[in-house]
Structures are given as C-alpha cells and as structure tokens.
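Start counting the sequence shown at 1; every next residue gets the next number (full-length UniProt numbering).
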Amino acid sequence: MAASPKGKKKPDDPKNPAPKKSAPKKPKAWRKPRVQYAALPFRREGDGRLCVFLVTSRETRRWVIPKGWPIRGLKPHDSAAREAYEEAGLEGRVRKKRIGGYTYEKRLDQGLVTCAVDVFPLEVKRQTKRYPEKGQRDGRWMEPAEAADLVQEPDLADLIRRAPELLAPKARKKADAAPAADGEAAGSPPPPCGEG
C-alpha cells in the first residue's frame, strides 16, 4: 500500500478511490420528455371525405392541433377533448385509444423542453360560439393533405396524412368512445372543409 508523507493513502490507490463527483446533468436533449395530450379533431363530409381541424399556437402562430398538459383528475383522452374545447370550441366524441404521437420542442421560461404528445381522435359534432381562448387563435377545417403540409412537426404531419386510414369508418364498440365535456354556449354544426 503506497503511503503519502503523512501516512495517508494516495488518491490513486485502488483501495482508496478518489471521492465520487456528482454526475453531470444530462443535456436537455437527453432529459425525459414532458407529456402532453392532443386531440385530432375530425369529421366527415356528406360525400365521406375526412376533414381535420387545425388551430394556430398563441405565440408563434404556427399551425398545430389542440393540445396541452395533463389535467389533474382527467384521463388522457378527456384532457385532449378539453383542450379542443378550450382552444377551438370543438365538442364531440373522443376515442379512448391514442392513434399516435409526436415530439416537439416547446419554449418555456427555463428554455426549450422536449414534449412527447399522445394524440386522441375527436369526432366533432359541434363548434360553440364562445370558448375560453376565442380570439387568441385562428382555426380552420381542411383536408388532411393540406393540414399535413401546414404543420411543422414531421411525425404529426405523417399522422395527419394517415388520418383517412386511421379514422376509417368501421364498427366500433360503444365503449371505445366517450362523450367530450359540453361547453356552456350553444353550438352549431361545423362548417364544410376549407371554411371556418
């Protein structure tokens, strides 16, 4: 055993390793993503064509689907439906099973944060005239191909492009759909694709 002049073990002695330093913080890109829930609002035209609804984000004004942080006391699909109501006044039936997901970078006070978004389909039955974020965002019905070209997140664009196949009419169990929360204001049927 090697000893220093004062009789203590040297730091490179395998029996007396140097004190462990705390592990460096992971770079933000490696940190666990924060979870959000989103609705993919959709409806069918009389001819069977599928339309989806996009809104703009409040700060950057880019086209997105309604999404937000988990809401305490609500299941993920119900949180997604709530976001669609708050951001666009959309009400209908939300499916309990997610149809996909995507990630994006969100700018918060502490910097950029990676968010992992679970997407739940919302079959829109009506759009209310009053809702919490009215006037803060733009929104529009459009065909999936146009919507996919407008969003910036590649995985979201792919999901929207696949929407006609993912949301194809088929016999579903009643338990697969849950009614979305009703808003306070009376609503009307949503306008045709490409309007409103």
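Where a beta carbon is used, it is the ideal one built from N, C-alpha and C, also for glycine.
Check: If you compare alpha carbons, which of D155, A145 and P132 is closest to E87?; Outcome: P132
Check: Which residues share a DSSP beta bridge with residue 202?; Outcome: This structure cannot settle anything about residue 202, because the visible part of the chain is limited to 1 through 196.
Check: Does the stretch 84-98 touch the stretch 117-127, meaning 3 or more C-beta pairs lie closer than 8 angstroms?; Outcome: yes
Check: What's the gap between the Cα of L167 and the Cα of Q136?; Outcome: 29 angstroms
Check: Ignore the nearest five residues each way along the sequence and tell me which others in V113's own chain have a CB closer than 6 angstroms to its CB.; Outcome: R34 and K106
Check: Could you please give me the residues that DSSP links to V52 through a beta bridge?; Outcome: F42 and M142
Check: What are the boundary residues of the alpha helix (DSSP H) that includes L90?; Outcome: Taken as a continuous stretch (DSSP letters only), L90 belongs to no alpha helix (DSSP H), being part of the beta strand (DSSP E) at L90 to R95.
Check: Going by the beta-carbon positions, is the gap between A39 and I71 smaller than 8 angstroms?; Outcome: no
Check: Just to confirm the assignment, what range does the alpha helix (DSSP H) spanning residue 199 have?; Outcome: The shown model of the chain, from 1 to 196, leaves out residue 199, and the question about it has no answer.
Check: Helix, strand or coil: which one does DSSP assign to P169?; Outcome: coil
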